[in-house]
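J.: Pasting a structure below so you can have a look.
Protein chains: 2
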Amino acid sequence: MTVATLPPSRRGASQRRRAPEIIEAAALVFAQRGFHGATTQDIADVLGIRQASLYYYVSSKEAALELVCLRGVEGFFEAGKAIAARPDPAREKLSLLIISHLSPMLDRGNFVKVFLNERQHLPAESRRRIGRWSRGLERIFEQVIDEGVAAGEFRAGLDARLVTLAVLGMCNAASSWYLKENKGVPAIAAEFSRLVIDGMATRPAKRPPKRR
Amino acid sequence: MTVATLPPSRRGASQRRRAPEIIEAAALVFAQRGFHGATTQDIADVLGIRQASLYYYVSSKEAALELVCLRGVEGFFEAGKAIAARPDPAREKLSLLIISHLSPMLDRGNFVKVFLNERQHLPAESRRRIGRWSRGLERIFEQVIDEGVAAGEFRAGLDARLVTLAVLGMCNAASSWYLKENKGVPAIAAEFSRLVIDGMATRPAKRPPKRR
DNA sequence: AAGTTATTCTATAGCTCGATAGATGGAATT
DNA sequence: AATTCCATCTATCGAGCTATAGAATAACTT
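Chains C and L are the protein sequences, given in the same order.
If you number the first sequence the way the working numbering does, the last residue is 212 and the count never jumps.
If you number the second sequence the way the working numbering does, the last residue is 1212 and the count never jumps.
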């Protein structure tokens, strides 16, 4: 083989090794203080480096925001699409969508929070790019709901759009309190699923008790 | 009587007549760009006055934020308390709470939005003061829910805290989309109430069909 | 060890923004 | 007409922030 030393075009092979660490710090700071409330100095302090050193990794503060937001949405849409494609009943799929929507809070909470609250401050270009994912995910919820209505699983006449916005609002809000409240993601997801599917009311004296 | 001309301490009687207009402009700008993203120049532009003239009405940008936030919560708590005190069944009260929580969006949307998204940037002092109202309102929801469970109206075992956070999240999210979506507040409130009380699911072959 | 590449540093330019001070003009009061 | 008060204006200070330029060090390769 003629792989003498190394493909000459990528000798160093890995540059900016700390890059992920840098955007993680940016996510933390943006989540705490908001994009405009945060300074690049704040981010540098978290990393223990000088403010100017950040620019070795990131071309601008806004670019950092975009990277953080991207990690905040990536996966959501793909995961959602996979769930919607399953052959399961709609109620099952909706539950899975809720779980899938809450899970990233565990390992990427700051990224999600920044995506939800700060994406409006992205430059128009990248905001549109990221908004596409958002709307895609909304459509997935709506489709699953419509499907459930068509199959008779869900009430006829319910407004799929409003229900979608309700469920997403409910889930997204979790990013702002899930650290303070001491509930695990599975417990939250279970309660939420049950809430939107079965509601809070006791069935008026008619649970399905095996049929006696 | 010696009230010769006028109570000397308040001769002019009404000063800063435009004050409400000024904080309305602040609410608009804070809602659009966020507290730190907004400049006092932006606010002045909306009013058609010079940036420095704002300081005749407001002692600082942060003070303006507090005024906006105050108008964003005021009323919520009082209205909620009145509803909780009614003799109606819990499901009825919960519906009213949802309506009451969505209504301010009509005439004070920007104030509510700013309260929800920007209160974190208030100086510690006023943030605590405002946080008290917030928590009070949460407690009202929780109590009504607990009450409903105790009365057998709501499922036993549901987590009042999580349900409260779900309902509030759902309602609060509306502040970010109710302008774009073309739904009236009553329609939204009705769909949301029905959702959390009855759920989406069709009753599993056992609506109360008169009993056959 | 020498050379090269990767990473961080110092220093600072260039803005923008919040806030203050004091002047100006108009309206109301006497 | 003279006086007082309200509202807005002009001008500017000083601080803080993003971003750039180029030097200095650390790490790696040969």
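Glycine is no exception: its CB is placed at the ideal position from the N, C-alpha and C atoms.
My guess is that L:Leu-1028 and L:Asn-1110 are in contact by the Cβ rule of under 8 Å, so how many angstroms apart are they, rounded?
T.: Along the second sequence, one-based indexing puts residue 1028 of chain L at 28. Along the second sequence, one-based indexing puts residue 1110 of chain L at 110. Confirmed, about 5 Å.
J.: Quick one: Cα of C:Leu-94 to Cα of C:Ala-52, how far?
T.: In the first sequence, residue 94 of chain C corresponds to position 94, counting from 1. In the first sequence, residue 52 of chain C corresponds to position 52, counting from 1. If you take the alpha carbons of C:Leu-94 and C:Ala-52, they lie about 46 Å apart.
J.: In whole angstroms, what separates the C-alpha of L:Met-1200 from that of L:Ile-1188?
T.: Looking up residue 1200 of chain L in the second sequence gives position 200. Looking up residue 1188 of chain L in the second sequence gives position 188. Going from the Cα of L:Met-1200 to the Cα of L:Ile-1188 covers about 15 Å.
J.: Can you have a look at L:Pro-1020 and say buried or exposed, based on whether 16 or more other CB atoms are within 10 angstroms of its CB?
T.: For the purposes of this step, residue 1020 of chain L is taken as residue 20 along the second sequence, with counting starting at 1. Label assigned to L:Pro-1020: exposed.
J.: Chain L beta carbons: is any one of them nearer than 7 Å to that of C:Arg-155?
T.: Your numbering for residue 155 of chain C matches position 155 in the first sequence. Chain L, which has a Cβ nearer than 7 Å to the Cβ of C:Arg-155, makes this yes.
J.: With a 10 Å radius around its C-beta and 16 neighbouring C-beta atoms as the bar for buried, classify C:Thr-164 as buried or exposed.
T.: By 1-based counting over the first sequence, the position of residue 164 of chain C is 164. Buried, by the Cβ-count rule.
J.: Could you tell me the alpha carbon to alpha carbon distance between L:Ala-1064 and C:Leu-102, rounded to whole angstroms?
T.: By 1-based counting over the second sequence, the position of residue 1064 of chain L is 64. By 1-based counting over the first sequence, the position of residue 102 of chain C is 102. One C-alpha to the other measures close to 35 Å.
J.: Can you list, in chain order, the residues of the segment 172-184 of chain C whose Cβ is nearer than 8 Å to any Cβ on chain L?
T.: Flagged, chain order: Asn-172, Ala-173, Ala-174, Trp-177, Glu-181, Lys-183.
J.: Taking C:Ser-134 as part of the alpha helix (DSSP H), name the residues at either end of that continuous run.
T.: Taking the first residue of the first sequence as position 1, residue 134 of chain C is located at position 134. Looking at the DSSP string, the run of the alpha helix (DSSP H) that includes C:Ser-134 is 124-150.
J.: Between the C-alpha atoms of L:Phe-1115 and L:Met-1105, what's the straight-line distance to the nearest angstrom?
T.: Against the second sequence, residue 1115 of chain L aligns to sequence position 115. Against the second sequence, residue 1105 of chain L aligns to sequence position 105. Computed Cα separation, rounded: 12 Å.
J.: Closer than 8 Å by C-beta to L:Ile-1197: which residues in its own chain qualify, once you throw out the five before and the five after it? Chain order, please.
T.: The residue labelled residue 1197 of chain L in the question sits at position 197 within the second sequence. Within the same chain, L:Ile-1197 has close Cβ partners Arg-1091, Leu-1094, Ser-1095.
J.: State the start and end residues of the unbroken alpha helix (DSSP H) segment that holds L:Val-1163.
T.: Position 163 of the second sequence, counting from 1, holds the residue named residue 1163 of chain L. Run containing L:Val-1163: 1160-1177, per the alpha helix (DSSP H) assignment.
J.: Could you tell me which chain L residues have their CB closer than 9 Å to the CB of C:Glu-74, listed as they occur along the chain?
T.: Taking the first residue of the first sequence as position 1, residue 74 of chain C is located at position 74. By Cβ distance, chain L contributes nothing, its closest Cβ being about 22 Å from C:Glu-74, past 9 Å.
J.: Below 9 Å on C-beta distance, what does L:Arg-1161 contact in chain C?
T.: Taking the second sequence and counting its residues from 1, one reaches residue 1161 of chain L at position 161. Simply Glu-181, Lys-183.
J.: Tell me whether C:Ala-201 sits in a helix, a strand or coil according to DSSP, three-state version.
T.: Mapped onto the first sequence, residue 201 of chain C falls at position 201. It is a strand residue.
J.: Starting from C:Arg-154, follow its DSSP beta bridges and name the residues at the other end.
T.: For the purposes of this step, residue 154 of chain C is taken as the residue at position 154 of the first sequence. At residue 154 of chain C the sequence reads Phe, which differs from the Arg that was named. The partner list for C:Phe-154 (beta bridge, DSSP) reads L:Ala-1201.
J.: Could you spell out where the alpha helix (DSSP H) holding L:Asn-1117 opens and where it closes?
T.: In the second sequence, the residue the question calls residue 1117 of chain L occupies position 117. Taken as a continuous stretch (DSSP letters only), the alpha helix (DSSP H) holding L:Asn-1117 covers 1104-1118.
J.: Using the beta-carbon of each residue, which ones in chain C are nearer than 7 Å to L:Ala-947?
T.: This structure cannot speak to residue 947 of chain L, because chain L is shown only from 1001 to 1212.
J.: Can you give the Cα-Cα distance for C:Glu-142 and C:Lys-81, rounded to whole angstroms?
T.: Position 142 of the first sequence, counted from the start, is the residue given in the question as residue 142 of chain C. Position 81 of the first sequence, counted from the start, is the residue given in the question as residue 81 of chain C. The straight-line gap from Cα to Cα measures roughly 12 Å.
J.: Closer than 7 Å, CB to CB, is C:Asp-231 near chain L or not?
T.: The structure shown has nothing for residue 231 of chain C, since chain C only spans 1 to 212.
J.: Hey, quick one: how far does the alpha helix (DSSP H) through C:Arg-33 stretch, first residue to last?
T.: Mapped onto the first sequence, residue 33 of chain C falls at position 33. That run of the alpha helix (DSSP H) goes 19-33.
J.: If L:Leu-1158 sits next to L:Glu-1138, beta carbons under 8 Å apart, how far is it from one beta carbon to the other, in whole angstroms?
T.: One-based indexing of the second sequence puts residue 1158 of chain L at position 158. One-based indexing of the second sequence puts residue 1138 of chain L at position 138. Rounded, the Cβ-Cβ distance is 16 Å, inconsistent with contact.
J.: What number of angstroms, rounded off, separates the C-alpha of L:Pro-1209 from the C-alpha of L:Asp-1146?
T.: One-based indexing of the second sequence puts residue 1209 of chain L at position 209. One-based indexing of the second sequence puts residue 1146 of chain L at position 146. For L:Pro-1209, the predicted structure reports a pLDDT of 42, less than 50, and the residue's modelled location is therefore unreliable. A value from the coordinates is still provided. Their Cα atoms are separated by approximately 29 Å.
J.: Relative to the C-alpha of C:Val-149, which residue among L:Ala-1174, L:Thr-1202, L:Lys-1061 is closest?
T.: Numbered from its first residue, the first sequence carries residue 149 of chain C at position 149. Nearest of L:Ala-1174, L:Thr-1202, L:Lys-1061 to C:Val-149, Cα basis: L:Thr-1202.
J.: For C:Asp-88, does the three-state DSSP call read helix, strand or coil?
T.: Residue mapping note: residue 88 of chain C aligns to position 88 of the first sequence, counting from 1. If DSSP states are grouped into helix, strand and coil, C:Asp-88 belongs with coil.
J.: Ignore the nearest five residues each way along the sequence and tell me which others in L:Glu-1066's own chain have a CB closer than 7 Å to its CB.
T.: Here residue 1066 of chain L is taken as the residue at index 66 of the second sequence, counted from 1. Contacts found: Leu-1122, Ser-1126.
J.: Taking 7 Å as the CB-CB limit, is L:His-1036 close to chain C?
T.: As a first step, residue 1036 of chain L must be located in the second sequence, where it is residue number 36. Output row for L:His-1036: interface = yes.
J.: Examine chain L for any beta-carbon lying closer than 7 Å to the beta-carbon of C:Arg-17, and answer yes or no.
T.: As a position in the first sequence, residue 17 of chain C is number 17, starting the count at 1. No, its Cβ sits nowhere closer than 7 Å to a Cβ of chain L.
J.: Apart from the five residues on each side of it in sequence, which residues of its chain come closer than 6 Å, Cβ to Cβ, to C:Gln-41?
T.: Residue mapping note: residue 41 of chain C aligns to position 41 of the first sequence, counting from 1. Around C:Gln-41: Gln-51.
J.: Taking only three categories from DSSP, how would you classify C:Gln-15?
T.: The count along the first sequence starts at 1 and reaches residue 15 of chain C at position 15. Three-state result, C:Gln-15: coil.
J.: Just checking L:Pro-1020 against the ligand ADP - is the residue's beta carbon closer than 6 Å to any of the ligand's heavy atoms?
T.: With respect to the ligand ADP, the structure offers nothing, as it holds no ligand at all.
J.: Quick one: which residues of the segment 1089-1106 of chain L get their C-beta closer than 7 Å to a C-beta of chain C? List them in chain order.
T.: Within the segment 1089-1106 of chain L, the qualifying residues are Arg-1091.
J.: List the endpoints of the continuous alpha helix (DSSP H) containing C:Gly-72.
T.: Here residue 72 of chain C corresponds to residue number 72 of the first sequence, with the count starting at 1. First-last of the alpha helix (DSSP H) with C:Gly-72: 61-73.
J.: Determine whether the beta carbon atoms of C:Ala-25 and C:Ile-49 lie at a separation below 7 Å.
T.: As a first step, residue 25 of chain C must be located in the first sequence, where it is residue number 25. As a first step, residue 49 of chain C must be located in the first sequence, where it is residue number 49. Against a cut-off of 7 Å, the Cβ pair of C:Ile-49 and C:Ala-25 comes out as no contact.
J.: Just checking, does the segment 1070-1088 of chain L make contact with the segment 1130-1137 of chain L on the three C-beta pairs under 8 Å criterion?
T.: Enough Cβ pairs lie closer than 8 Å, so yes.
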